[in-house]
Amino acid sequence: MRCDVCGKEGAEIQRVTRAYGRGGRELLIRNVPVVTCPQCGESYLTAETLYEIERIKLHRRALAARKQIEVAEFVRAPGGEARPPRALQRPARSTVRR
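Numbered continuously in the numbering used here, the sequence shown closes out at residue 99.
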C-alpha cells in the first residue's frame, strides 16, 4: 500500500483501540484501522475511517454496548519523565535510624 504522506510503498493497516470523549461520555472504539508507514513513520486515519468513527459517535446508543472497564492514567513527572501510578511506587525510605 502507498503512504499518503510520503508516497512510498510499504504502508500497512494496523488495528487499534481508540477512546473518544471525556469524563462519563467516553466512547471506546475497537479495531480502528490506522495506516502506518515504516518509511516516514507517520500514522493516519483515512477519510473513510474518519467518516465511520463520526457515524459510530453519532449513533453510539444503537451501536455500542455498555460495559464497565478499568481505567488507568499515564502520568508524567516534572521534567517529562514518566512515573508509575501511586500504587506501584515504592514507599520512601525512612531516614530515622533505629
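For each residue, glycine too, the CB sits at the ideal point set by N, CA and C.
Terminal residues of the alpha helix (DSSP H) in which residue i lies
i, result
"Arg-61", "61-64"
Residue j beta carbon less than 8 Å from that of residue i
i, j, result
"Leu-28", "Arg-61", "yes"
"Val-36", "Thr-47", "yes"
"Glu-10", "Arg-16", "no"
Residue interval of the beta strand (DSSP E) (run including residue i)
i, result
"Glu-13", "13-21"
"Thr-37", "28-37"
Nearest candidate by alpha-carbon position, reference residue i, set the options
i, options, result
"Gly-25", "Lys-68, Gly-80, Phe-75, Arg-3", "Lys-68"
"Ala-66", "Gly-80, Arg-31, Leu-51, Thr-47", "Arg-31"
"Asp-5", "Tyr-45, Glu-49, Pro-79, Glu-55", "Tyr-45"
"Val-72", "Ala-20, Lys-9, Gln-15, Met-2", "Ala-20"
"Ile-57", "Pro-39, Cys-7, Gly-22", "Gly-22"
Where residue i falls, given that 16 or more other Cβ within 10 Å makes a residue buried
i, result
"Ala-63", "exposed"
"Arg-99", "Reliability fails at Arg-99, whose pLDDT of 41 lies under 50, so the model's placement of it is uncertain and no value is given."
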